[in-house]
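Enquirer: Numbering-wise (the working numbering), the sequence shown opens with residue 5 and increments by one. Positions of the beta carbon are idealized from the N, C-alpha and C atoms, including for glycine.
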Amino acid sequence: MPKIIILDDPLSPEEHITLGVVYEKKGEIDHALKEYKLASKKLPLAYLYMGNVYFQKNEFDEAESAYKTAIKKNPDHSDAYNNLAWLYYTKKENLNEAEELALKAIELNPSKKDVYQDTLGKIRELKGQK
């Protein structure tokens, strides 16, 4: 039986993100990651989602790389800064950088200040314990 080869992806990058979110909600994070990787070819936002999945899987090096790529490709995306800051907080490392990242997130998107302020407060609390 002949195989059918699809040369063009029938889904848009946004549709891959949406499908990935559905997979995540169902707990199928490996399938979600696959969709985010497909979306990342054309949609830099997908790196944020990839970072979040890697974070869930405790694959922190991959999460860090994905968040840094998200920032590099879209330097105005505040969530990527905040999530990288949270990653450093979770790992209890690079706390000075984590603090700067959280402050940058607040600067970029003051409408989410409460969320980012929570990250910043936890980082500062941890720094005070060291």
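Rounded to whole angstroms, what is the Cα-Cα separation between residue 60 and residue 12?
Expert: If I take the Cα positions, the gap works out to 31 Å.
Enquirer: Thinking C-alpha only, which one of 31, 62 and 17 is nearest residue 40?
Expert: If we check each option's Cα against that of residue 40, 17 comes out closest.
Enquirer: Just to confirm the assignment: which complete alpha helix (DSSP H) runs, minimum length 4, are found wholly within the region 10 to 91?
Expert: The qualifying runs are 17 to 29, 33 to 44, 50 to 60 and 64 to 77.
Enquirer: Looking at residue 55 and residue 67, is the spacing between their C-beta atoms short of 8 Å?
Expert: Cβ distance < 8 Å, so residue 67 and residue 55 count as in contact.
Enquirer: How is residue 97 classed by DSSP in three states: helix, strand or coil?
Expert: Three-state result, residue 97: coil.
Enquirer: Taking just the CA atoms, how far does residue 83 sit from residue 122?
Expert: Approximately 13 Å, taken between the alpha carbons.
Enquirer: Buried or exposed: where does residue 62 fall if 16 or more other Cβ atoms within 10 Å of its Cβ makes it buried?
Expert: When all chains shown are included, residue 62 counts as exposed.
Enquirer: What is the C-beta distance between residue 37 and residue 57, in whole angstroms, given that I count them as a contact (C-beta under 8 Å)?
Expert: 5 Å between Cβ atoms; contact.
Enquirer: Distance, Cα to Cα, residue 21 vs residue 50?
Expert: Their backbone Cα atoms lie some 7 Å apart in a straight line.
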